[in-house]
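Chains as they are written, first to last, in my numbering: chain A, 612 to 920; chain B, 362 to 620.
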Amino acid sequence: MLEVVNLVKRYPNGTEALKGLSFAVGSGEIFGVLGPNGAGKTTLLKLVLGVLLPTSGFVSLEGVRPDQSPAAFRRMVGVVHQYGAFDMALSVVDNLSIFGAFQGLGRAETRVRTAYLLDRFELSAKAKEPVQNLSGGQRRKVQLARALLHRPKFLFLDEPTAGLDPFSRRMAWSIIMEEREPSSYVLCTSHYVDEIERNCDRVMIMDQGTEVALGTPKNLVDSISGHRVEFNLDRCPPDALIAAVEGLSGVSSIEVSASTLKLRVADAEWAIAKVTECCFSQGIRVNSVVTKRASLEDVLLQATGRELS
Amino acid sequence: MKPNVRLAGKGIGAIMYREMRLFFGNSMTVVLSVASPVIYMALFSTSLNGLMPTMTYAGVSVPYIRFALPGLLIMSALSNVLVTSQSIFNEHLSNMLLDILSTPVQHSAYMIGKILAGASLAFIQSMLVFASGVLIFRVPVGLTRFLGICVLTIPICLALSGLYMTALGLVKNIRAFILTTNILTNVIMFGSSIFYPTASIPSALRPIALINPATYCVDVIRDFLLGRVEPKSVAIVCVLAVLLTAAALVVFRRRFAEV
Chain A
612 MLEVVNLVKR YPNGTEALKG LSFAVGSGEI FGVLGPNGAG KTTLLKLVLG
662 VLLPTSGFVS LEGVRPDQSP AAFRRMVGVV HQYGAFDMAL SVVDNLSIFG
712 AFQGLGRAET RVRTAYLLDR FELSAKAKEP VQNLSGGQRR KVQLARALLH
762 RPKFLFLDEP TAGLDPFSRR MAWSIIMEER EPSSYVLCTS HYVDEIERNC
812 DRVMIMDQGT EVALGTPKNL VDSISGHRVE FNLDRCPPDA LIAAVEGLSG
862 VSSIEVSAST LKLRVADAEW AIAKVTECCF SQGIRVNSVV TKRASLEDVL
912 LQATGRELS
Chain B
362 MKPNVRLAGK GIGAIMYREM RLFFGNSMTV VLSVASPVIY MALFSTSLNG
412 LMPTMTYAGV SVPYIRFALP GLLIMSALSN VLVTSQSIFN EHLSNMLLDI
462 LSTPVQHSAY MIGKILAGAS LAFIQSMLVF ASGVLIFRVP VGLTRFLGIC
512 VLTIPICLAL SGLYMTALGL VKNIRAFILT TNILTNVIMF GSSIFYPTAS
562 IPSALRPIAL INPATYCVDV IRDFLLGRVE PKSVAIVCVL AVLLTAAALV
612 VFRRRFAEV
């Protein structure tokens, strides 16, 4: 089990990036961390890895603590940092073999794993190319291959698919799922909320260094009732219409964007009838209505009270 | 062997391998590192050798190029360790240091690997200077002395690497580091016996020369080249290598405890 116990991180300038965070990740679990920029996600992952030192609290992976046995801890870990680096002038294979050596792999094993992973990520043709000749997406794939090289027990992924096209994002996740052992742990942050919703067993939402929600994606989505309904009108809604809609008891939030009225409501059918009635009474035509069930993104927005950036 | 020790050894080896790949993988770096000491040597042998055909050192009159060769060797080593120590800052800024320290490679293994790689490259370059001095500029030296100087160059390069890496750990940003190392390099070169004998150093610079590791490094090679073996000087250089390497390790661990 990965245990994070009462983790506090206070920087010398007084900023408290984490304020006593505790959670546990079970064996075989994929654990997602969501939150707006500056919520403390990257700080949390760096603390878990031991490259930042906690002000108080501790992290333990199957009894091994990164502050007490850093080398033993990091042998179990594969990392994709948000802003990973490469030796740009060296080839893809050289970059991977150097990191294989850092992980303590033998040359033969590194060679076999490198060839296999480059094939899986469809990068075999680029094996001898200097990394500087690769696109941003290809570099991200090399970074993922580098993290998976030594078959880590714990995968630490900070924005692992940033910069990848939708096809490559799906491919990356399918390789991650395939490569991980049934008992391995994955701790992942991403701004692609759909990706977290689709792939993670449990999700923690963070804001300002604390946990604001924790649960399975389904439980979190179920925890906020209702729907999102978008009304596309024939013109920008006048203040009188907005006031009338705001006055409806089943509307929990309202947002206006040009000629679109976005509502969060408890009962979609009831809202469509009532809002259409209000529009009709003010001589405004409703061109179309779109209804969406609440998603993890809605949970994130509601839990943090902020917009994603 | 304990697994941790084996892993640390592998980490040091991997860091050294990476440095060598980065150095020899770039043909421009290799050409420049070979060309620059030879150019220095040519300049010294033409301009300064013309101004001062001979130099009195330890009561003996020697041709200036023979006197200057150990100094050139140290200058060449200095330029190399400077590049290696700057690379640590660059790796910190580019997040490569974070990526490396996220693997089982620990601070000490990273630093020892860097120092050994820097010292090895400085050694290779110094030997090229020395070889060009012997072959192109006809500085007389027998095989035994040549081999002795090769061996002596190892602790010298370690000491200079340790000195620059320690300086690296004491400053906070790359701009300050570049300024610090520029000043340090000038003080090391002119506040030592690289260009002139210790006895001729201006009195204002003498205290600096006394605490300047380069003074001991140059003198021990110069003595060896001129056939004088000073066990005390050799011991001082070896002690400097150990002390400065240890200082670099301590300072680096403290400076980059968090990345």
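Just so you know, even glycine gets a beta-carbon here, dropped at the ideal spot from N, CA and C.
Beta-carbon separation of residue i and residue j under 7 Å?
i                        : j                            : result
glycine 432 of chain B   : valine 579 of chain B        : yes
histidine 761 of chain A : leucine 729 of chain A       : no
valine 886 of chain A    : valine 856 of chain A        : yes
glycine 479 of chain B   : methionine 377 of chain B    : no
valine 704 of chain A    : threonine 725 of chain A     : yes
serine 785 of chain A    : glycine 748 of chain A       : no
cysteine 799 of chain A  : leucine 768 of chain A       : yes
proline 574 of chain B   : leucine 601 of chain B       : yes
glutamine 893 of chain A : leucine 852 of chain A       : yes
arginine 616 of chain B  : glycine 530 of chain B       : yes
alanine 884 of chain A   : histidine 838 of chain A     : no
leucine 504 of chain B   : alanine 438 of chain B       : no
leucine 434 of chain B   : phenylalanine 491 of chain B : yes
glutamate 841 of chain A : threonine 871 of chain A     : yes
List the whole-angstrom C-beta distance separating residue i from residue j, where the pair is believed to meet the contact cut-off of C-beta under 8 Å.
i                            : j                            : result
alanine 528 of chain B       : threonine 514 of chain B     : 21 Å between Cβ atoms; not a contact.
threonine 827 of chain A     : leucine 632 of chain A       : Their Cβ separation, rounded to whole angstroms, is 19 Å, which puts threonine 827 of chain A and leucine 632 of chain A out of contact at 8 Å.
threonine 666 of chain A     : aspartate 818 of chain A     : About 19 Å; that fails the 8 Å criterion.
proline 741 of chain A       : leucine 755 of chain A       : Proline 741 of chain A to leucine 755 of chain A, Cβ: 19 Å. No contact.
glycine 861 of chain A       : valine 876 of chain A        : 5 Å
phenylalanine 538 of chain B : phenylalanine 484 of chain B : Contact doesn't hold; Cβ gap of about 24 Å is too wide.
leucine 571 of chain B       : methionine 472 of chain B    : Leucine 571 of chain B to methionine 472 of chain B, Cβ: 28 Å. No contact.
serine 446 of chain B        : methionine 526 of chain B    : 5 Å
isoleucine 476 of chain B    : leucine 519 of chain B       : 7 Å
serine 463 of chain B        : leucine 660 of chain A       : 6 Å
alanine 696 of chain A       : methionine 457 of chain B    : 4 Å
phenylalanine 684 of chain A : arginine 757 of chain A      : Wrong, their Cβ atoms sit about 18 Å apart, outside the cutoff.
glycine 386 of chain B       : alanine 700 of chain A       : 6 Å
phenylalanine 713 of chain A : isoleucine 461 of chain B    : 6 Å
valine 675 of chain A        : valine 615 of chain A        : Rounded, the Cβ-Cβ distance is 14 Å, inconsistent with contact.
glutamate 619 of chain B     : leucine 664 of chain A       : 6 Å
So, with DSSP's three-state summary, where would you put residue i?
i                            : result
alanine 738 of chain A       : coil
asparagine 624 of chain A    : coil
valine 910 of chain A        : helix
histidine 453 of chain B     : helix
arginine 904 of chain A      : strand
serine 864 of chain A        : strand
arginine 757 of chain A      : helix
asparagine 843 of chain A    : strand
alanine 877 of chain A       : coil
leucine 745 of chain A       : coil
lysine 752 of chain A        : helix
glycine 689 of chain A       : strand
alanine 635 of chain A       : strand
methionine 377 of chain B    : helix
phenylalanine 765 of chain A : strand
glycine 826 of chain A       : strand
threonine 417 of chain B     : strand
aspartate 730 of chain A     : helix
threonine 915 of chain A     : helix
threonine 772 of chain A     : coil
isoleucine 835 of chain A    : coil
Excluding the 5 residues flanking residue i on each side, which residues of the same chain have their C-beta closer than 7 Å to its C-beta?
i                       : result
valine 395 of chain B   : Leu489
glycine 774 of chain A  : Gly747, Gly748 and Arg751
tyrosine 425 of chain B : Leu409, Asn410, Met413, Pro414, Thr415 and Met416
leucine 545 of chain B  : Ala528
If I measure Cβ to Cβ from residue i and keep anything under 8 Å in the same chain, skipping five residues before and after, which residues do I get?
i                       : result
serine 794 of chain A   : Ser638, Gly639 and Lys764
alanine 628 of chain A  : Lys620, Arg621, Tyr622, Gly651, Thr654 and Gly820
arginine 722 of chain A : Ser708
Considering only residues of the same chain and omitting the five flanking positions on each side of residue i, which have a CB-CB separation below 6 Å?
i                         : result
glutamate 790 of chain A  : Leu759
arginine 674 of chain B   : As shown, chain B starts at 362 and ends at 620. That puts residue 674 of chain B outside it, with no answer to give.
cysteine 636 of chain A   : The displayed chain sequence assigns valine, not cysteine, to residue 636 of chain A. Result list for valine 636 of chain A: Leu613, Phe642 and Tyr796, in chain order.
arginine 896 of chain A   : Asp845
asparagine 365 of chain B : none
valine 495 of chain B     : Val502
leucine 919 of chain A    : Caution applies to leucine 919 of chain A, whose pLDDT of 38 falls short of 50 and renders its modelled position unreliable; the model cannot decide the point.
glutamine 486 of chain B  : Ser394, Ser437 and Asn441
Please give me, in chain order, every unbroken run of the beta strand (DSSP E) with length at least 3 that falls completely inside the segment 785 to 815 of chain A. You should have 796 to 800.
Taking the runs of the alpha helix (DSSP H) that are 4 residues or longer, which of them lie wholly in the segment 499 to 541 of chain B? Counting only runs of 4 or more, we get 504 to 531.
Output the residue ranges of the beta strand (DSSP E) runs that lie fully inside the segment 643 to 677 of chain A and measure 3 residues or longer, sorted by chain position. Qualifying beta strand (DSSP E) stretches, in chain order: 667 to 672.
At which residue ranges does the segment 431 to 478 of chain B contain complete alpha helix (DSSP H) runs of 4 or more residues, listed in the order of the chain? Runs found: 457 to 462.
I'd like the ranges of any alpha helix (DSSP H) spanning at least 4 consecutive residues and lying wholly in the segment 693 to 718 of chain A. Runs of the alpha helix (DSSP H) lying entirely within the segment 693 to 718 of chain A, each at least 4 residues long, are 703 to 713 in chain order.
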